[in-house]
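In this note's numbering, the protein residues as written are 57 to 220.
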């Protein structure tokens, strides 16, 4: 059975060097980034890991979405990455780096397998970003999306079928 997912990319924060966007699933109150942080409230066992992720996000906000801040996680060249790049961190926050000035945050969670492909929890988040990267690249080619400085301009509404 395949479930249709509809979602958009929403601007969530603007900084001098970078704009933060997040995926927002249709019918959901929270963006994927907000949903990620909601899973790990202050005082949970992952406070230290959340602090590390927040410090990476702060660094990206200050300096831009430079490649060195992300570990590639999807397929070669699709821009899907994870923060933090620290190997010891148990939490993963997945994102799509479109340029040094544009980042789209997805969701994430606790690393519970050797790779995201082996994780029932994490794989859907990465697959969503891989598909989103493909959709955006296709729309850039046909002119329905344009990346201008820190902005994604054009049709940022998407739908896909996810295997249940």
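Where a beta carbon is used, it is the ideal one built from N, C-alpha and C, also for glycine. Remember, it's a predicted structure, so these values are computed and weren't measured experimentally.
* **Whole alpha helix (DSSP H) elements within the region 121–205, 4-residue minimum** => 179–198
* Could you give the residue range of the alpha helix (DSSP H) that holds residue 106? -> 103–119
* Asked: Does the Cβ-Cβ distance between residue 149 and residue 189 come in under 8 Å?
  -> no
* **Same chain, Cβ closer than 6 Å to residue 106, five either side skipped, listed in chain order** => 96
* To do: Using three-state DSSP, classify residue 90 as helix, strand or coil.
  => helix
* To do: Compute the beta-carbon to beta-carbon distance between residue 115 and residue 215, rounded to the nearest angstrom, for a pair I have assumed lies under 8 Å.
  => About 34 Å separates the two Cβ atoms, so there is no contact after all.
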